[in-house]
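Colleague: Residue numbers (numbering that gives the first Met the number 0): 0 to 145. Beta carbons are placed, not taken as given, at the ideal position from N, Cα and C, and that holds for glycine. These numbers were taken from a predicted model, which means no experiment stands behind them. Can you read through this structure? Questions will come right after.
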Amino acid sequence: MSIAIASDHAGFELKEQIIQYFEKREIEYKDYGVYENTRVDYPDYGVKVAQKVVAGEHEKGVVICGTGIGVSITANKIKGARAALCCCDYMAEMARKHNDANILALGGRTTTIDLAIRMIDIFLKTHFEGGRHAVRVDKIHSLTGR
Ligand code: RB5
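Below is the structure:
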């Protein structure tokens, strides 16, 4: 399992903490920036992860900005990206079970590292339930012709 991760400046600190966790757990990842805490534009980072995940270079992605809203809106512009902004364990679980989300969006200014790690663990281990949920996800993709 390989994970693409990126953030803007508002998500930088949380990204660095998550990376420490990946290192500790020996979870394979690639950091697509931002590499220092300088002000940048979140679409530039949300799009990188979405493109890499959709291209199959990584199975899952994590995108972070101040609220998680900007990066999730951005990532979802890429065909095949299903980014879910989550702020509790239940949302992380349902994002996988019902929405087959392939990108977890987090708010760096709204999420503690403990909560972020819990949601990441859930997101990575939970499988899509398929069935009636697959029909619904297909309907989402039919909107963009995928
Ligand atoms: C940056 O100040 C902030 O607007 C950005 O990180 C994000 O929260 C946007 O959705």
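Does the beta-carbon distance from Ala91 to Ile121 come in below 9 Å?
Modeller: Taking the first residue of the sequence shown as 1, we reach residue 91 at position 92. Taking the first residue of the sequence shown as 1, we reach residue 121 at position 122. Yes, the Cβ-Cβ distance between Ala91 and Ile121 is below 9 Å.
Colleague: Is the Cβ of Thr143 closer than 9 Å to any Cβ of chain D?
Modeller: Reference to chain D is not applicable here, since this structure consists of a single protein chain.
Colleague: Per DSSP, Asp30 forms a beta bridge with which residues?
Modeller: For the purposes of this step, residue 30 is identified with residue 31 of the sequence shown, where counting begins at 1. Bridge partners of Asp30: Ile4.
Colleague: Check whether the Cβ atoms of Val48 and His8 sit closer than 9 Å, and answer yes or no.
Modeller: The sequence position of residue 48 within the sequence shown is 49, counting from 1. The sequence position of residue 8 within the sequence shown is 9, counting from 1. Not a contact, by the Cβ cut-off of 9 Å.
Colleague: Which residues in the same chain as Arg140 place their Cβ atom closer than 6 Å to its Cβ, once the five residues preceding and following it in sequence are excluded?
Modeller: Within the sequence shown, residue 140 is the residue found at index 141, counting from 1. Checking the sequence, you will find His at residue 140 rather than Arg. Around His140: no qualifying Cβ.
Colleague: To the nearest angstrom, how far is the alpha carbon of Lys23 from that of Gly10?
Modeller: Your numbering for residue 23 matches position 24 in the sequence shown. Your numbering for residue 10 matches position 11 in the sequence shown. Whole-angstrom Cα-Cα distance: 20 Å.
Colleague: Between which two residues does the alpha helix (DSSP H) carrying Ala54 extend?
Modeller: Locating residue 54 in the sequence shown gives position 55, where the first residue counts as 1. Unbroken run through Ala54: none, as it is neither H nor E.
Colleague: CB-CB under 7 Å to Arg38, same chain, minus the five flanking residues each way: which ones, in chain order?
Modeller: Translated into the one-based positions of the sequence shown, residue 38 becomes position 39. Counting only Cβ-Cβ distances below 7 Å, and skipping sequence neighbours, we find His8.
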